[in-house]
Amino acid sequence: MTDDVTRDDVAAEDHAGKGNDSLFEAPPMGEQERMVEAILFASAEPVTVKELEARMPHGSDAAEALVYLRKRYEGRGVSVVKVGDAWAIRTAPDLGYLMQKETVETRKLSRAAIETLAIIAYHQPVTRAEIEEIRGVSVSRGTIDQLIEMEWIRFGRRRMTPGRPVTFVVTSEFLDHFGLESARDLPGLKELRSAGLLESRPPPGAMPGPETEDEDESPEGQSELFED
Amino acid sequence: MTDDVTRDDVAAEDHAGKGNDSLFEAPPMGEQERMVEAILFASAEPVTVKELEARMPHGSDAAEALVYLRKRYEGRGVSVVKVGDAWAIRTAPDLGYLMQKETVETRKLSRAAIETLAIIAYHQPVTRAEIEEIRGVSVSRGTIDQLIEMEWIRFGRRRMTPGRPVTFVVTSEFLDHFGLESARDLPGLKELRSAGLLESRPPPGAMPGPETEDEDESPEGQSELFED
Amino acid sequence: MSETEEFESDAMSVSARLAAEALIVDVEGFEGPLDLLLTLSRTQKVDLRKISVLELAEQYLGFVEKARHLRIELAADYLVMAAWLAFLKSRLLLPPDPTEDGPSGEELAAHLAFQLERLQGMRDAAAKLMARDQLGRDFFARGIPEDVTRVRRVTYTANLLDLMQGYARIRTKDEFRPFIMDRDAVMTMEQALDRMRGLIGYAGDWTDLTSYLPEGWETDPVRRRSATAANFAATLELAKRGAIELRQGEIFAPIQIRRKSNDG
Numbered sequence: 160m161t162d163d164v165t166r167d168d169v170a171a172e173d174h175a176g177k178g179n180d181s182l183f184e185a186p187p188m189g190e191q192e193r194m195v196e197a198i199l200f201a202s203a204e205p206v207t208v209k210e211l212e213a214r215m216p217h218g219s220d221a222a223e224a225l226v227y228l229r230k231r232y233e234g235r236g237v238s239v240v241k242v243g244d245a246w247a248i249r250t251a252p253d254l255g256y257l258m259q260k261e262t263v264e265t266r267k268l269s270r271a272a273i274e275t276l277a278i279i280a281y282h283q284p285v286t287r288a289e290i291e292e293i294r295g296v297s298v299s300r301g302t303i304d305q306l307i308e309m310e311w312i313r314f315g316r317r318r319m320t321p322g323r324p325v326t327f328v329v330t331s332e333f334l335d336h337f338g339l340e341s342a343r344d345l346p347g348l349k350e351l352r353s354a355g356l357l358e359s360r361p362p363p364g365a366m367p368g369p370e371t372e373d374e375d376e377s378p379e380g381q382s383e384l385f386e387d
Numbered sequence: 160m161t162d163d164v165t166r167d168d169v170a171a172e173d174h175a176g177k178g179n180d181s182l183f184e185a186p187p188m189g190e191q192e193r194m195v196e197a198i199l200f201a202s203a204e205p206v207t208v209k210e211l212e213a214r215m216p217h218g219s220d221a222a223e224a225l226v227y228l229r230k231r232y233e234g235r236g237v238s239v240v241k242v243g244d245a246w247a248i249r250t251a252p253d254l255g256y257l258m259q260k261e262t263v264e265t266r267k268l269s270r271a272a273i274e275t276l277a278i279i280a281y282h283q284p285v286t287r288a289e290i291e292e293i294r295g296v297s298v299s300r301g302t303i304d305q306l307i308e309m310e311w312i313r314f315g316r317r318r319m320t321p322g323r324p325v326t327f328v329v330t331s332e333f334l335d336h337f338g339l340e341s342a343r344d345l346p347g348l349k350e351l352r353s354a355g356l357l358e359s360r361p362p363p364g365a366m367p368g369p370e371t372e373d374e375d376e377s378p379e380g381q382s383e384l385f386e387d
Numbered sequence: 158m159s160e161t162e163e164f165e166s167d168a169m170s171v172s173a174r175l176a177a178e179a180l181i182v183d184v185e186g187f188e189g190p191l192d193l194l195l196t197l198s199r200t201q202k203v204d205l206r207k208i209s210v211l212e213l214a215e216q217y218l219g220f221v222e223k224a225r226h227l228r229i230e231l232a233a234d235y236l237v238m239a240a241w242l243a244f245l246k247s248r249l250l251l252p253p254d255p256t257e258d259g260p261s262g263e264e265l266a267a268h269l270a271f272q273l274e275r276l277q278g279m280r281d282a283a284a285k286l287m288a289r290d291q292l293g294r295d296f297f298a299r300g301i302p303e304d305v306t307r308v309r310r311v312t313y314t315a316n317l318l319d320l321m322q323g324y325a326r327i328r329t330k331d332e333f334r335p336f337i338m339d340r341d342a343v344m345t346m347e348q349a350l351d352r353m354r355g356l357i358g359y360a361g362d363w364t365d366l367t368s369y370l371p372e373g374w375e376t377d378p379v380r381r382r383s384a385t386a387a388n389f390a391a392t393l394e395l396a397k398r399g400a401i402e403l404r405q406g407e408i409f410a411p412i413q414i415r416r417k418s419n420d421g
């Protein structure tokens, strides 16, 4: 990849299409420069002179516009560089160290972590045992550690019960990330459903639930059976 | 160094060359401008001043650098725009026609979704019931869902009225998408406000709507409504 | 509003009537009564602030009347609005009754006008919003956002929907549990119907409905209740089809069924 093309190199490329001077006058060079700037900025790939001219008004001279644009960006925070036979705008090499954040790879949080996080958000402060009770499965150390490391949860007050277990609460980083002003603004189940965020289910009234007259029911014991 | 120095203080300090209060001198303003330029160019998402400064050398004043940078890009093919409290580089709107290749097919929004979005933007924070009152129909399943998924709306604070309903507000992605600096720049906002069309005006008793039969008693909900 | 008092339905212009007729054709296209009212109000060709609510009420009632005439079934909320507008109309036409509480006709009319103006205002605003230059259509973000690949750091992320759906998944799992369990205490009408169909062949004589309860469903109250309801619904269905006859001596007396002798 050579950066140091001269006006002549560039000019040589564009003579092909220049013969037929058209009916429409090409826009002023300053305008053409703006166009090249916008196209190079927005394109996901480097763009060749030919491609530039195909997108610009008839009669445009992208090669010349590129010369001006390159000049304009000399010494700036970004520069116009040649990649193969195409052009792109790139960060100035000496500022590369500022781009570290741009190269962060993001992955979706695991389902276990999301569910654990959700329980903490909705039930905080909550102990590990309570999280396990709600989820119905044990919570691995790694999941909690990961959430703490992400600074989405932190330790809350110890619970004043035997064993004084630690509790977990969500952090302000968590609220920030999820665009919430407070954890209390999280919608409840009913609101989730009415907003269409839950799949439809038979309304609770439609199913015979435990009723007070039917004394021979022991809902707790039974639901225990279905814990997975 | 305290956190709550004013812009002028900082600028004054910078110009004085920072003297002896810091081991690491902040780079010259021209250099800071390059840095902001590089970071904004590299990012597709708007970047806040805070984030900029977190990535720049200690003592940098991104806000000031932005003033210069913005000026520099005036009238160019790309420009520095403000989105909420963040900044981004975007192509000039008048060159959009060159960019057909880059156009992303966005999901067509239904008329109901567009109206709901507008109501949230102009009346925010607004509850679901208020949206329904304005449109005169219930908000269908999935409309809110769709707008949340597009990240154009999010949950705001709960309303301090009985039932503490959740409210909706628009996001900075919404502002970015529609090229708005803030929700105050919504088109026609002033006219709507001065015409009194953004006030919440309770229906005078027997109006057809959410509740049709309220002849005999006005529950707490209503007296609450009349308070504001 | 006394100047509008003389208004008669005949006064509705021909074009307004034609418009109302055209509206009926695509009543499906309206988003509820308010939307319809807004459309009707445009036929008055005045500023929404100067709209005659009385005239609008006439137009709406005319519309509903016409729909009824053409045997178009209007949704309930259209009829509720019609009833309310008829009420409003009477309030506007009759001199106010000092003994009556509540808002005056004028207040109600003013609020309706406000609602229409507000809805129109929001529609205009929505149109202006959508007409703005939009990201990814008229102006563009950086095409190659990840320019430099120097440091690779993995972060994990999730969005609000993931979070809420995760929570909902856990909570509805709980909610769901009794439902799955109770399934075996629920008899559907289809099940009962299948069973009854096979049995009624033997019911030449009046038999008590309760004797059709399947085995194992007679004692447990939950199961008994469900089976009884299912059986009862099934017998109604069978009676409707002309397969059986039903009778009940008096209220709360046992229901009896019999096969219908079909000699035809």
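Protein chains in written order, with my numbering: chain G, 160 to 387; chain D, 160 to 387; chain R, 158 to 421.
C-beta: ideal position from N, C-alpha, C; glycine also.
Legend entry - Neighbour flag for R:R415 against chain G, beta carbons, 8 Å: Within the third sequence, residue 415 of chain R is the residue found at index 258, counting from 1. Closer than 8 Å to the CB of R:R415 there is not a single CB belonging to chain G.
Legend entry - Test: G:A222 CB closer than 8 Å to a CB of chain D: For the purposes of this step, residue 222 of chain G is taken as residue 63 along the first sequence, with counting starting at 1. It does not; no Cβ of chain D falls within 8 Å.
Legend entry - Counted within 10 angstroms of its Cβ, other Cβ atoms place R:S368 as buried (16 or more) or exposed: One-based indexing of the third sequence puts residue 368 of chain R at position 211. Label assigned to R:S368: exposed.
Inset, instruction - Have a look at D:A245, D:I278 and D:E291 and flag the residue whose alpha-carbon is nearest the alpha-carbon of R:Y281. - result: Reading the third sequence from its first residue, position 124 is the one you call residue 281 of chain R. In the sequence on display, residue 281 of chain R carries Asp and not Tyr. Of the candidates D:A245, D:I278 and D:E291, the residue whose Cα lies closest to the Cα of R:D281 is D:I278.
Legend entry - Below-8 Å beta-carbon distance, D:I248 vs any chain R residue: Here residue 248 of chain D refers to the residue found at position 89 when the second sequence is read from its first residue. It does; some Cβ of chain R falls within 8 Å.
Inset, instruction - Indicate the three-state DSSP secondary structure (helix, strand or coil) for D:I248 in the structure shown. - result: Within the second sequence, numbered from 1, the residue matching residue 248 of chain D stands at position 89. Looking at D:I248 - three-state DSSP - the assignment turns out to be strand.
Legend entry - Buried/exposed call for D:G255, threshold 16 Cβ in 10 Å: As a position in the second sequence, residue 255 of chain D is number 96, starting the count at 1. The residue is buried, with at least 16 neighbouring Cβ atoms inside 10 Å.
Legend entry - Cross-strand partners of R:L403 (DSSP beta bridge): Residue numbering aside, residue 403 of chain R sits at position 246 when the third sequence is read from its first letter. Answer by DSSP bridge pairing, in chain order: R:I414.
Inset, instruction - List the residues of chain D that G:D237 touches, going by C-beta distances under 7 Å, in chain order. - result: Residue mapping note: residue 237 of chain G aligns to position 78 of the first sequence, counting from 1. Per the sequence presented here, residue 237 of chain G reads as Val, with Asp not at that position. Within chain D, the residues whose beta carbon sits less than 7 Å from that of G:V237 are E196, A197 and F200, listed in sequence order.
Legend entry - Under 8 Å by beta carbon: chain D residues contacting G:P346: By 1-based counting over the first sequence, the position of residue 346 of chain G is 187. Here the neighbours are F314 and V325.
Legend entry - Chain-order list of residues whose beta-carbon lies under 8 Å from that of D:R235 (same chain, five-residue window excluded): Residue numbering aside, residue 235 of chain D sits at position 76 when the second sequence is read from its first letter. Result list for D:R235: A251, in chain order.
Legend entry - Alpha-carbon spacing of G:S299 relative to G:E291, whole angstroms: Here residue 299 of chain G corresponds to residue number 140 of the first sequence, with the count starting at 1. Here residue 291 of chain G corresponds to residue number 132 of the first sequence, with the count starting at 1. When rounded, the distance between both Cα atoms is 10 Å.
Inset, instruction - Kindly identify the DSSP beta-bridge partner or partners of D:K241. - result: Here the question's residue 241 of chain D lines up with position 82 in the second sequence. Beta-bridge pairing links D:K241 to D:W246.
Legend entry - Alpha carbon of D:G301 to alpha carbon of D:F314, nearest angstrom: Against the second sequence, residue 301 of chain D aligns to sequence position 142. Against the second sequence, residue 314 of chain D aligns to sequence position 155. Between D:G301 and D:F314, the C-alpha separation is close to 15 Å.
Legend entry - Distance, D:S202 Cα to R:Q277 Cα: Looking up residue 277 of chain R in the third sequence gives position 120. Looking up residue 202 of chain D in the second sequence gives position 43. Each residue's alpha carbon lies about 39 Å from the other.
Legend entry - N- and C-terminal bounds of the beta strand (DSSP E) containing D:F337: Counting from 1 along the second sequence, the entry for residue 337 of chain D is found at position 178. Per DSSP, D:F337 belongs to no beta strand (DSSP E) and is neither H nor E.
Legend entry - Cβ neighbour criterion (16 or more within 10 Å) applied to D:I293: Locating residue 293 of chain D in the second sequence gives position 134, counting from the first residue. D:I293 should be labelled buried.
Inset, instruction - Return the bridge partner residues of R:L292 from the DSSP annotation. - result: Locating residue 292 of chain R in the third sequence gives position 135, where the first residue counts as 1. According to DSSP, R:L292 bridges with R:F296.
Inset, instruction - Measure the C-alpha to C-alpha separation of R:W363 and R:R415 and round it to an integer number of angstroms. - result: Within the third sequence, the letter at position 206 stands for residue 363 of chain R. Within the third sequence, the letter at position 258 stands for residue 415 of chain R. The straight-line gap separating the alpha-carbon atoms of R:W363 and R:R415 is approximately 5 Å.
Inset, instruction - Could you work out which residues of chain G lie near D:R317, taking near to mean beta carbons separated by less than 7 Å? - result: What you label residue 317 of chain D is simply residue 158 of the second sequence in a count that begins at 1. Chain G residues near D:R317: R343 and D344.
Legend entry - Classification of D:Y281 by the beta-carbon crowding that lies within 10 angstroms, buried from 16 upward: As a working note, residue 281 of chain D is residue 122 in the second sequence. Counting Cβ neighbours within 10 Å, D:Y281 comes out buried, since at least 16 surround it.
Inset, instruction - Sort G:S269, G:E210 and G:L228 by Cα distance to R:L320 and report the nearest one. - result: For the purposes of this step, residue 320 of chain R is identified with residue 163 of the third sequence, where counting begins at 1. For R:L320, the nearest C-alpha among the options comes from G:S269.
Inset, instruction - Return yes when the Cβ of D:A197 is within less than 8 Å of the Cβ of G:V237, no when it is not. - result: Within the first sequence, the letter at position 78 stands for residue 237 of chain G. Within the second sequence, the letter at position 38 stands for residue 197 of chain D. Yes, they are a contact pair.
Inset, instruction - Classify D:R193 as buried or exposed, calling it buried when 16 or more other Cβ atoms lie within 10 Å of its own Cβ. - result: Numbered from its first residue, the second sequence carries residue 193 of chain D at position 34. Answer is buried; the Cβ neighbour count reaches 16.
Inset, instruction - From the DSSP output, in three-state form, read off G:K349 for me. - result: Here residue 349 of chain G is taken as the residue at index 190 of the first sequence, counted from 1. Helix, per DSSP.
Inset, instruction - Taking C-beta pairs closer than 8 Å, name the residues in chain R that G:Y281 reaches, listed in chain order. - result: For the purposes of this step, residue 281 of chain G is taken as residue 122 along the first sequence, with counting starting at 1. Among the residues of chain R, those whose CB is under 8 Å from the CB of G:Y281 are Y324, following chain order.
Inset, instruction - Over the uninterrupted beta strand (DSSP E) stretch that includes D:V325, give me the two end residues. - result: For this step, residue 325 of chain D is matched to residue 166 along the second sequence. Note, D:V325: premise wrong, no beta strand (DSSP E); not H, not E.
Inset, instruction - From the DSSP output, in three-state form, read off R:I408 for me. - result: Here residue 408 of chain R refers to the residue found at position 251 of the third sequence. Note: R:I408 maps to coil in three-state DSSP.
Inset, instruction - Determine the extent of the beta strand (DSSP E) in which G:F314 is found, giving its start and end residues. - result: The residue you call residue 314 of chain G lines up with position 155 of the first sequence. Boundaries of the beta strand (DSSP E) harbouring G:F314: I312 to F314, taken from the DSSP string.
Legend entry - Test item: CB-CB of G:I248 and G:V242 under 8 Å: The residue you call residue 248 of chain G lines up with position 89 of the first sequence. The residue you call residue 242 of chain G lines up with position 83 of the first sequence. Result no, Cβ atoms of G:I248 and G:V242 do not sit closer than 8 Å.
Legend entry - Residue-chain proximity (R:L370, chain G), Cβ-Cβ < 8 Å: The count along the third sequence starts at 1 and reaches residue 370 of chain R at position 213. Taking CB atoms only, R:L370 has no neighbour in chain G less than 8 Å away.
Legend entry - CB contact check: R:A315 to chain G, cutoff 8 Å: Locating residue 315 of chain R in the third sequence gives position 158, where the first residue counts as 1. Answer yes: the Cβ-Cβ gap between R:A315 and chain G drops below 8 Å somewhere.
Legend entry - Nearest-angstrom Cα separation, counted from G:L334 out to R:F187: Sequence index remark: in the third sequence, residue 187 of chain R carries index 30 (1-based). Sequence index remark: in the first sequence, residue 334 of chain G carries index 175 (1-based). Between R:F187 and G:L334, the C-alpha separation is close to 40 Å.
Legend entry - Residue ranges of each beta strand (DSSP E) within the region 248-309 of chain D, 3 or longer: Runs of the beta strand (DSSP E) inside the region 248-309 of chain D: none found.
Inset, instruction - Buried or exposed for G:A224, please, with buried defined as at least 16 other CB atoms from any protein chain shown within 10 angstroms of its CB. - result: Taking the first sequence and counting its residues from 1, the one referred to as residue 224 of chain G is at position 65. Buried, since its Cβ has 16 or more Cβ neighbours within 10 Å.
Inset, instruction - May I ask you to list the residues that DSSP assigns as paired with G:T207? - result: Taking the first sequence and counting its residues from 1, one reaches residue 207 of chain G at position 48. Per DSSP, G:A245.
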